[in-house]
Amino acid sequence: MTTRIVVDHRTAGGVGGATLRHPEKAHRPDNPIQRKPAWIRVKAPTHPVYHETRALMRDNRLVTVCEEAACPNIGECWSQRHAT
Numbered sequence: 147m148t149t150r151i152v153v154d155h156r157t158a159g160g161v162g163g164a165t166l167r168h169p170e171k172a173h174r175p176d177n178p179i180q181r182k183p184a185w186i187r188v189k190a191p192t193h194p195v196y197h198e199t200r201a202l203m204r205d206n207r208l209v210t211v212c213e214e215a216a217c218p219n220i221g222e223c224w225s226q227r228h229a230t
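Numbering (my numbering), first residue to last: 147 to 230.
Okay, structure coming up:
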């Protein structure tokens with residue numbers, strides 16, 4: 147009698163099915179990990195007006211849509227005294 151082994155490559159060896167087709171290629175120098183471009187990164191809010199707007203929201207116990215949605219552009223808006 148012959149035993150047949152079936153391997154599902156979509157789920158074998160990875161978390162949630164996220165595997166390379168050929169795992170031995172993962173650590174080869176021709177597959178370097180690329181960093182995200184600078185324009186895609188959000189800068190931490192440091193503008194003094196941002197901190198004034200934030201203090202105003204806290205003092206008046208207000209919550210904005212920006213905060214609830216965890217908007218990555220909150221620093222840009224609050225630095226212009228725009229709070230939604």
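The beta-carbon is built from N, C-alpha and C at its ideal position, and this holds for glycine as well. Remember, predicted model here, so these are calculated numbers, not experimental data.
Below 8 angstroms between beta carbons: does that hold for residue i and residue j?
{"i": "arginine 207", "j": "tryptophan 224", "result": "no"}
{"i": "methionine 203", "j": "alanine 184", "result": "no"}
Have a look at the options and flag the residue whose alpha-carbon is nearest the alpha-carbon of residue i.
{"i": "valine 211", "options": "Ile220, Arg204 and Asp205", "result": "Ile220"}
{"i": "proline 194", "options": "Arg204, Gln226, Trp185 and Ala215", "result": "Gln226"}
{"i": "cysteine 217", "options": "Leu202, Asp205, Glu198 and Pro191", "result": "Pro191"}
For residue i, which residues of its own chain have a beta-carbon under 8 angstroms away from its beta-carbon, when the five flanking residues on both sides are left out?
{"i": "histidine 168", "result": "none"}
Spatial neighbours of residue i within its chain, please: C-beta separation below 7 angstroms, excluding the five flanking residues on both sides.
{"i": "glutamate 222", "result": "none"}
{"i": "tyrosine 196", "result": "Gly221, Trp224 and Ser225"}
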